[in-house]
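What follows is a short report on a single structure.
Protein chains in written order, with the numbering used here: chain A, 75 to 857; chain B, 2 to 327.
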């Protein structure tokens, strides 16, 4: 690959770039779209030439390029959460321009036309975006604004269990979603056992969820892509904000380091649950035990503009969760002293970093080179020690067990964005990543002073190093004013041990516009995945392991077909009806009755799956009243030769009906409110409806006299899930500061939605830990 | 300013009520819909070399039944085949197992005895049930020998009182047919000669063996706290044709019971069906219900439930030796 790369670069430059650079550029307008107040680059903003019908979309760095005809006079620019703008076309078009959009809330005009994402003008099948302004108004548990929970309110997207931040997209498992933070995969996006996601919304610029076959530049997962881009830092002045809620506090500072050259952003978040836990244990429970839990995130971003054509970015994210329980006790006896100590600890965390270089070859060629690093680690330790000290003798009983696992990636990628004319937009690029998997290391230290037990060992699961390569080519083609065609091809290869897995992945999308207000769009695509998330429970626990494909474990794949009809109902409301069918191959599951102490490769099985569904969404994105109604009718099945007697069974998150209503209202300049209501069919779980009694002693096994008999997997449907949440934000604006007070209620009418279930004596018991959850937070922003 | 006592009381009552209300809805019990439940036949039989076939025929019960045991089905037709050839119809039998007067209601073979290497098939039908069948093979016996023993003693300090602890190490040797993948079940028990059915006096062997495993494995397993007093293992990692291991017993209790006591060592060579069944029952017993996937108990009974599996049991024993070192 190293030898090939210069050749490929040479080919790109000679075959693709050189012809573009040699063309006259005076009929092309290119540049960047920015936020007028902060200078943040706006990703996915739409530019529309009303005189010709041509349009363009800004890329991941806010860059756009549009070819203009002789009659072009102005461009209409729109972006979700910003006022729609018109940009008069300058006579001299050769220079890169910067177009600034005004955020929606900055407007003083009562009747303001703000932009909304226009699904008719560009490919939008299977794509959802939520503006950061909307996320602020969506009620969430404990008042923690949460990106993943906001996306759980979209059609075709569901959460895992109650309160958790995992995403189930179109009947696939959470491990089949690619979550990118500034282009780097985040392997575990959960804090606090999944109740919160790791993304600090203060530091996020934009996000896009792709549920269908994504563009060819994305790969490595079979279900969806969530592309999250961090803010770059305010280019105008140093600003900041501080927020404190029930369980955590957040701080954000951003601004220019060198005027018009370099900006920075630092944001941090930390919980203070242990501060609440300490007095509770000390004075309420009056126990010597100490319990502590916290999680924290730090985001850092620095970007430096070298000149008009070159810019570099450095972004870093680190976050971790840590739990510790300790107890110790010293007892004096006649014979001596006895010291007893207990410790339970676990921690997990992500570290991601990217260094990117943007280079603009001219008005029609944009390139990006990325060096990336990501690491996820999980560690747990249980320790019990009993030391008895007598005259001349010390006896120790010890029980210590540890487990750790993780994954670490280094990689490089190169992307070219080409705008040869208004008919084509070409992207081409490639990536190479070195993965190192540590599927699990067990550390034991057992001592029994009687000598019955003496184990001191380290059982290391094999560390696997693999290499992943991918190259892609995609072309968004305009076929007249009504048809848009997207063609993409990705070639992915994965080298594991001495086996090379290769996967060509074509992606096609065709959009037909009936009029300015309606369109029909279809897509088809193949995706592959060279690593699996092994989960032994339905909750997104950090103990879930990432494991690679091996000689025995094959890559999973998906083929997805989608069809969408979109209609504008007047200028404010969009309706979309979308259906999909997805086939999944080589899915990975634990065997029935797997002994989790065995090596993971020996206790897994692979099988097939299929998912189909209909998604309907009615959305209003602008005005004082905004929100959406999203309904999904879906079915998701699995078929494994070695599970459920070889018969098909429903996926555990197969939910036939899923309805979400989100309503946000600006009551006046100071007061805004948000309400969400969620209804979904209960999960499919495996429950016995009959039992077998055992009459003989069965060779002296002390088993219970009966045991449950399972007829089939996931045979029982749990009660439906529903809840109502609301939040009220009250803002006080001062000359130099803004103060926002938020009050919210999660599960307002206290419906019992279970976190987990137990089954005892023929009775199903569901256990909920958040029957109702009030929240309060205060945020101060410095202008 | 003094706040009236009544106001304090009302505030406290309101706050307390809210807390109780919140907490009271954290657990909820549902009745499972059992519409369409139709009981199916259950067979239970482990058959051994040189012993008659004894089969329990019952039926599955509703999961919410408060009964532990379902009634034995008396009017079933139970046919036994050996290597594809009909042997006999098993006969309904009822007897009491001394000394606990446990009533056994079973189907027994009249003349057929289990033979090593033979495959047996059982076909059972009964009015009101779908017919079922199952088959399994008796594996070759793997012998087990008691070799010798020694002692470990410790003085344990329990709440300031010195307590003498006595442990018996028994050295055992088992045969290993290297070219056959075998499944094993080891158990030991201490009985008096007068009371051969004293099943309650099971010993608790502790085995910590690098190849066979550890009877304490389950004790420390992610499945939670278990009470394992047996060992299920395979010969996958035994490299030689014989293998020696140690079973350790805490024997103070046995001495205090008095009488002539004998330690029996049973090594059952299991058919794959028996091994799957015992393994799955062990996992199912130790399951953490909250976050685990449910454990399915293995069954080889087509159309029904339960187990019909061949085993071949080797036994050796020693009389509990008298300890003179105390």
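Ideal placement from N, C-alpha and C gives every residue a C-beta, glycine not left out.
Nothing here was measured: the structure is a model prediction, and the numbers come from that model.
Whose Cβ in chain A lies nearer than 7 Å to the Cβ of residue i?
i: residue 69(B); result: 767, 779 and 780
i: residue 295(B); result: 760 and 784
i: residue 38(B); result: 763 and 764
i: residue 64(B); result: 762, 763, 764, 765, 782 and 836
i: residue 285(B); result: 781
i: residue 240(B); result: Going along chain A, no residue has its Cβ under 7 Å from residue 240(B), so there is no contact; the nearest lies around 20 Å.
What does residue i touch in chain A if you count any residue whose Cβ is under 9 Å from its own?
i: residue 88(B); result: Result: empty, since nearest Cβ-Cβ is about 22 Å, beyond 9 Å.
i: residue 298(B); result: 667, 766, 781, 782, 783 and 784
i: residue 171(B); result: Chain A residues near residue 171(B): none, gap ~14 Å exceeds 9 Å.
Alpha carbon to alpha carbon, how far is residue j from residue i? Give it in angstroms, no decimals.
i: residue 323(B); j: residue 250(B); result: 14 Å
i: residue 625(A); j: residue 569(A); result: 10 Å
i: residue 440(A); j: residue 392(A); result: 29 Å
i: residue 597(A); j: residue 716(A); result: 33 Å
i: residue 174(A); j: residue 560(A); result: 29 Å
i: residue 41(B); j: residue 64(B); result: 13 Å
i: residue 32(A); j: residue 638(A); result: As displayed, chain A neither begins before 75 nor continues past 857, which places residue 32(A) out of reach and without an answer.
i: residue 307(B); j: residue 278(B); result: 9 Å
i: residue 283(A); j: residue 246(A); result: 15 Å
i: residue 473(A); j: residue 114(A); result: 54 Å
i: residue 562(A); j: residue 544(A); result: 13 Å
i: residue 183(A); j: residue 338(A); result: Below a pLDDT of 50, predicted positions are generally treated as unreliable, and residue 183(A), at 42, falls in that range; the measurement from the model is reported next regardless. Those two C-alpha atoms are separated by around 32 Å.
i: residue 293(A); j: residue 746(A); result: 39 Å
i: residue 701(A); j: residue 735(A); result: 8 Å
i: residue 44(A); j: residue 698(A); result: An answer regarding residue 44(A) cannot be provided, because it is not within the stretch 75 to 857 covered by chain A.
i: residue 806(A); j: residue 795(A); result: 37 Å
i: residue 317(B); j: residue 269(B); result: 12 Å
i: residue 877(A); j: residue 421(A); result: Residue 877(A) lies beyond the range of chain A shown here (75 to 857); nothing can be said about it.
i: residue 309(A); j: residue 446(A); result: 25 Å
Would you say residue i and residue j are within 7 Å of each other, going by their C-beta atoms?
i: residue 133(A); j: residue 491(A); result: yes
i: residue 790(A); j: residue 759(A); result: yes
i: residue 141(A); j: residue 495(A); result: yes
i: residue 714(A); j: residue 679(A); result: yes
i: residue 109(B); j: residue 133(B); result: no
i: residue 139(A); j: residue 493(A); result: yes
i: residue 768(A); j: residue 779(A); result: yes
i: residue 814(A); j: residue 853(A); result: yes
i: residue 415(A); j: residue 405(A); result: no
i: residue 817(A); j: residue 850(A); result: yes
i: residue 228(A); j: residue 202(A); result: yes
i: residue 263(A); j: residue 304(A); result: no
i: residue 252(A); j: residue 299(A); result: yes
i: residue 654(A); j: residue 687(A); result: yes
Give the residues of chain B in contact with residue i, contact being defined as C-beta atoms less than 8 Å apart.
i: residue 591(A); result: Correct list: empty, because the minimum Cβ distance to chain B is about 47 Å.
Check the Cβ of residue i against every Cβ in chain A and list those closer than 8 Å, keeping chain order.
i: residue 304(B); result: Here the premise fails: no neighbours, minimum Cβ distance about 12 Å.
i: residue 216(B); result: The premise fails here: residue 216(B) is roughly 11 Å from chain A at the closest Cβ pair, so nothing lies under 8 Å.
i: residue 270(B); result: Those within 8 Å of residue 270(B) in chain A number zero; the least Cβ separation is about 12 Å.
With hydrogens ignored, establish whether the beta-carbon of residue i is closer than 6 Å to any heavy atom of the ligand ADP.
i: residue 565(A); result: This structure simply doesn't include the ligand ADP, nor any ligand for that matter.
Requested in this report: Anything in the region 656 to 667 of chain A with a Cβ closer than 8 Å to a Cβ of chain B? List those residues in chain order, please.
Outcome: Taking 8 Å as the cut-off between beta carbons, the residues of the region 656 to 667 of chain A near chain B are 664, 666 and 667, in sequence order.
Report task. Taking only runs that begin and end inside the region 105 to 140 of chain A, name each unbroken beta strand (DSSP E) of 3 or more residues, in chain order. Result -> Look at the region 105 to 140 of chain A and you find these whole runs of beta strand (DSSP E), each 3 residues long or longer: 120 to 122 and 129 to 131.
Query - beta strand (DSSP E) runs wholly inside the region 330 to 393 of chain A, at least 3 long, in chain order - result: Here the runs fully enclosed are 336 to 345 and 364 to 381.
Query - Cβ-based contacts, 9 Å cut-off: residues of the region 307 to 320 of chain B near chain E - result: This model lacks chain E altogether, as its protein chains are A and B.
**Report entry** beta strand (DSSP E) segments (min. 3 residues) lying fully within the region 802 to 851 of chain A
**Finding:** For the region 802 to 851 of chain A, whole beta strand (DSSP E) runs of length 3 or above, ordered along the chain, are 811 to 820, 830 to 834 and 837 to 841.
**Report entry** Residues in the region 42 to 55 of chain B having any Cβ partner in chain A nearer than 9 Å
**Finding:** Within the region 42 to 55 of chain B, the residues whose Cβ lies closer than 9 Å to some Cβ of chain A are 43, 45, 46, 47 and 55, listed in chain order.
Query raised in the report: Where in the region 209 to 275 of chain A do unbroken runs of the beta strand (DSSP E), each at least 3 residues long, occur, reported from the N-terminal end onward?
Result: You should have 231 to 233, 241 to 243 and 251 to 255.
**Report entry** Continuous alpha helix (DSSP H) assignments of at least 4 residues falling wholly in the region 408 to 486 of chain A
**Finding:** Counting only runs of 4 or more, we get nothing.
Report task. Enumerate, from N- to C-terminal direction, the unbroken beta strand (DSSP E) stretches of 3 or more residues contained entirely within the region 539 to 578 of chain A. Result -> Under the rule that a run must span 3 or more residues, the beta strand (DSSP E) segments found entirely inside the region 539 to 578 of chain A read 557 to 570.
Requested in this report: Pick out the complete beta strand (DSSP E) segments inside the region 275 to 325 of chain A, 3 residues or longer, and give them in chain order.
Outcome: For the region 275 to 325 of chain A, whole beta strand (DSSP E) runs of length 3 or above, ordered along the chain, are 278 to 284, 298 to 304 and 313 to 318.
Query raised in the report: What are the start and end residues of each continuous beta strand (DSSP E) run of 3 or more residues lying completely inside the region 630 to 704 of chain A, in chain order?
Result: 630 to 643, 647 to 664 and 678 to 694, all fully within the region 630 to 704 of chain A.
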